[in-house]
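A short write-up of the structure that comes next.
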Amino acid sequence: MTERMLLFARNGDFERSLGCVLDVAGVADHSAAKHAVRFDPLRHFQSGGSPDARLYLKLSKVLDSVGRASRRRAEYWGLKAAVELLFFRTRRALAAGERAVSLDPGWAWGFLWRARARGALLVSLRQARHRSSIFPLAPEFRAVLSDFAAAEILDAGNRDVYAWRSQFLNSLDQEEAGMKDLQRTLEIDPSYDWAYSLLGDTFSELQRGDEALKVCREMVERFSSSAWAYACRGRERGKAGLFQSACDDMKRAMRMDSRLSVLNAWIGETIRKRGDYAGALGWMDRTLRSQPGNYNALVWKARLLNAQWRVGEALACLRRAARGRKFFDEHFYLLRAEALLKSGRFARAAEDFDKAFPASPATLWSPTLKNGRRACAAGEKTALHEDMERLVETYPGNAWALAFRGATSSQGDQSRAADGLRDLDEAVRISPDHAWARSRRARARLKMGWKKEALQDMDLCLALKKEKATFWAWSGVLRLEVNDLERADYDFTRALRIGPGLGGFFSYRGRVRFLAGNYDDGLADLEEGFLRGPRTAQWLAWRREARSAASGGRMEDPCNSADVGAHYVGSRPSGGERAP
Numbered sequence: 002m003t004e005r006m007l008l009f010a011r012n013g014d015f016e017r018s019l020g021c022v023l024d025v026a027g028v029a030d031h032s033a034a035k036h037a038v039r040f041d042p043l044r045h046f047q048s049g050g051s052p053d054a055r056l057y058l059k060l061s062k063v064l065d066s067v068g069r070a071s072r073r074r075a076e077y078w079g080l081k082a083a084v085e086l087l088f089f090r091t092r093r094a095l096a097a098g099e100r101a102v103s104l105d106p107g108w109a110w111g112f113l114w115r116a117r118a119r120g121a122l123l124v125s126l127r128q129a130r131h132r133s134s135i136f137p138l139a140p141e142f143r144a145v146l147s148d149f150a151a152a153e154i155l156d157a158g159n160r161d162v163y164a165w166r167s168q169f170l171n172s173l174d175q176e177e178a179g180m181k182d183l184q185r186t187l188e189i190d191p192s193y194d195w196a197y198s199l200l201g202d203t204f205s206e207l208q209r210g211d212e213a214l215k216v217c218r219e220m221v222e223r224f225s226s227s228a229w230a231y232a233c234r235g236r237e238r239g240k241a242g243l244f245q246s247a248c249d250d251m252k253r254a255m256r257m258d259s260r261l262s263v264l265n266a267w268i269g270e271t272i273r274k275r276g277d278y279a280g281a282l283g284w285m286d287r288t289l290r291s292q293p294g295n296y297n298a299l300v301w302k303a304r305l306l307n308a309q310w311r312v313g314e315a316l317a318c319l320r321r322a323a324r325g326r327k328f329f330d331e332h333f334y335l336l337r338a339e340a341l342l343k344s345g346r347f348a349r350a351a352e353d354f355d356k357a358f359p360a361s362p363a364t365l366w367s368p369t370l371k372n373g374r375r376a377c378a379a380g381e382k383t384a385l386h387e388d389m390e391r392l393v394e395t396y397p398g399n400a401w402a403l404a405f406r407g408a409t410s411s412q413g414d415q416s417r418a419a420d421g422l423r424d425l426d427e428a429v430r431i432s433p434d435h436a437w438a439r440s441r442r443a444r445a446r447l448k449m450g451w452k453k454e455a456l457q458d459m460d461l462c463l464a465l466k467k468e469k470a471t472f473w474a475w476s477g478v479l480r481l482e483v484n485d486l487e488r489a490d491y492d493f494t495r496a497l498r499i500g501p502g503l504g505g506f507f508s509y510r511g512r513v514r515f516l517a518g519n520y521d522d523g524l525a526d527l528e529e530g531f532l533r534g535p536r537t538a539q540w541l542a543w544r545r546e547a548r549s550a551a552s553g554g555r556m557e558d559p560c561n562s563a564d565v566g567a568h569y570v571g572s573r574p575s576g577g578e579r580a581p
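When we follow the working numbering, the leftmost residue of the sequence shown carries the number 2, and every step to the right adds one.
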């Protein structure tokens, strides 16, 4: 068996070689062998994989027994590098790769494993320094490319030279360069299913969704018995908004291969995009029952809880996701900042915005959330407007950028409000299904006195996002402002049922019920809002008035409905809405 596993390694068939190691270790499931060869360890960890310490000990024990007679063979050290890298021990993998190259400088796979270990280490260093650019790490970058070049010279017909180099370049956001290597991979072996998967991912990263979906369809046609092919097509269909067919594909993939439990989280994320937050939470919990440490499932669940304003639970999920990890991307920091902001911990939120910004300074959300929303919380309106101007200049024609600037401007004086409405009109024209832009345009139109158009926008927004609590709450605010008390009561009740953490909206519903003459229920809601929501001057005044009426005191005239919502801190996008 020892000679057989080393022979497979010598010929570059590390999947079968590692399969032999797993057989000796008594492990029937050989999926780890495929992960070692086909999936980048760092990215696999980020996408939900977690190192299994017991499996690592078993494989290490087998390799140690093999190594007594094989330590002078490069194949052994190649296998050692593969196992170490599979469990994210990048420095040990690099040492094994160095040994393989020194023992046999003419063996291409020694250079390949060293390149892969160096690449994983480089990506982790880049994350640790919060750099989006690789130039501060240029020597390490050149070393990885030189190893790939050496492997290419030694074995120009090796498909994995090009596939792995493409994967490395993709992990550094250099997809265009990686695309050429993928095309070369498919020229060498048109039946290499993993290359199709990588090609689909690359098109997706480049925001070329139609081409990504086309590649995944071709993948399913070529490899109809591959569960992963259906999983990839399902993921791309979900990104394209084909939610039902996406879920069908992923469920089919799980029936074909029950080990793909990570697809539970993918299905949950797809359902979330459709607007079914309760259903999405169920799928995330299903993933976490089988993989309690699944990073993506924990982060996605936190996003769902955050969208429902269940802030404490969201932060608890993020704490679980952070265990054992040193590096995080900007999405983790932004999500945690969002939750901290909702809980009123502005200083802590500001720290996370600061961490998110250098992690990815070129993203749409960074300048908006780091500067804009902090400025909004601090009342620095001038800084906020300047940030929004820069945002639109950086992303010309982007619906989110225009919507952010429009929402900010519409809160200003009459001249700014008109400019804001024009921005929101343009955002909706570019993206008619942009629910957040429609909701902000509804408020801007109402401010301009266009009540009918405002309510039409809000109805369309709710049709797009039926399960979004904050949109129902904003709709309730609009109905209250036009004195439609019955519909406002319904909207606030719906919002609080979907998002029980929206404590402040109890005060709004209490005000609606008080104005409708239901003083007892109105006061009960106002008291609940006092306990659970932020205490604005307007809401405290409503509570005093309701208490006075309940105690038999002289009831003053209700506040002018035009003032309702003046203190609503709703100018920030909610946690469930993410920019592209």
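The beta-carbon is built from N, C-alpha and C at its ideal position, and this holds for glycine as well.
Would you kindly work out how many angstroms separate the C-alpha atoms of residue i and residue j, rounded to a whole number?
i: Q539; j: D388; result: 29 Å
i: D14; j: E76; result: 11 Å
i: L123; j: L80; result: 21 Å
i: I268; j: L95; result: 36 Å
i: A408; j: R495; result: 24 Å
i: R321; j: D434; result: 34 Å
i: R544; j: V429; result: 38 Å
i: L104; j: L87; result: 22 Å
i: A298; j: T288; result: 7 Å
i: K62; j: R349; result: 45 Å
i: Y57; j: E529; result: 52 Å
i: R72; j: D65; result: 9 Å
i: T395; j: A404; result: 14 Å
i: H332; j: S549; result: 47 Å
i: W284; j: A323; result: 21 Å
i: E99; j: I499; result: 56 Å
i: L481; j: Q245; result: 36 Å
i: K59; j: A83; result: 14 Å
i: L531; j: D258; result: Before going on, a small fix: residue 531 reads as Phe here, not Leu. Distance between the alpha carbons of F531 and D258 is about 51 Å.
i: T537; j: A241; result: 41 Å
i: G158; j: I189; result: 7 Å
i: L425; j: D458; result: 11 Å
i: D492; j: R290; result: 34 Å
Check for me: the alpha helix (DSSP H) holding residue i runs from which residue to which?
i: T91; result: T91 to L104
i: T409; result: A400 to S410
i: A157; result: Per DSSP, A157 belongs to no alpha helix (DSSP H) and is neither H nor E.
i: A308; result: Y296 to A308
i: F472; result: A470 to E482
i: A428; result: Q415 to I431
i: M449; result: That residue, M449, is in no alpha helix (DSSP H); it is neither H nor E in DSSP.
i: K252; result: F244 to M257
i: D521; result: Y520 to R533
i: F204; result: D194 to E206
i: H332; result: E331 to K343
i: T494; result: L486 to I499
i: S552; result: Here S552 belongs to no alpha helix (DSSP H), and DSSP marks it neither H nor E.
Measuring alpha carbon to alpha carbon, tell me which of the options ends up nearest residue i.
i: L183; options: D174, S172, Q168 and L173; result: Q168
i: R417; options: G398, E390 and S432; result: E390
i: T271; options: H332, F405, A232 and L425; result: A232
i: L1; options: A303, F329 and R324; result: Because the chain here runs from 2 to 581, residue 1 falls outside it and cannot be looked at.
i: D273; options: S259, Q309, A213 and D250; result: The residue asked about is misnamed: residue 273 is Arg in this sequence, not Asp. Residue Q309 is the option with its Cα nearest to R273.
i: W451; options: A419, I189 and E331; result: A419
i: S226; options: D250, F204 and Q208; result: D250
i: M255; options: A228, G280 and A241; result: A228
i: V102; options: S246, W114 and S432; result: W114
i: S411; options: A443, L392 and V393; result: A443
i: E487; options: R512, A97, K467 and W401; result: R512
i: D277; options: M459, L243 and E468; result: E468
i: G210; options: R236, Q415, L173 and R223; result: R236
i: A436; options: L463, K448, N265 and A455; result: L463
Consider the C-beta atom of residue i and the heavy atoms of the ligand COA; say whether any pair is separated by less than 7 Å.
i: A317; result: Among the components of this structure there are no ligands whatsoever, and the ligand COA is therefore not found.
Skipping 5 residues on each side, what residues in its chain have a beta carbon closer than 6 Å to that of residue i?
i: A547; result: F515, G523, L524 and L527
i: E141; result: L123
i: R337; result: L319 and D353
i: V162; result: A152 and E153
i: S344; result: V312
i: R234; result: C217, V221 and D250
Return the chain-ordered list of same chain residues with a C-beta closer than 8 Å to the C-beta of residue i, the five sequence neighbours on each side being excluded.
i: L155; result: G107, W108, A109 and F112
i: N171; result: G179, L199, D202, T203 and E206
i: Y193; result: R160, A164, T186 and L187
By Cβ distance below 7 Å, which residues in the same chain neighbour residue i in space, the five residues on each side in sequence not counted?
i: R11; result: E76
i: A402; result: L365, L392, V393 and Y396
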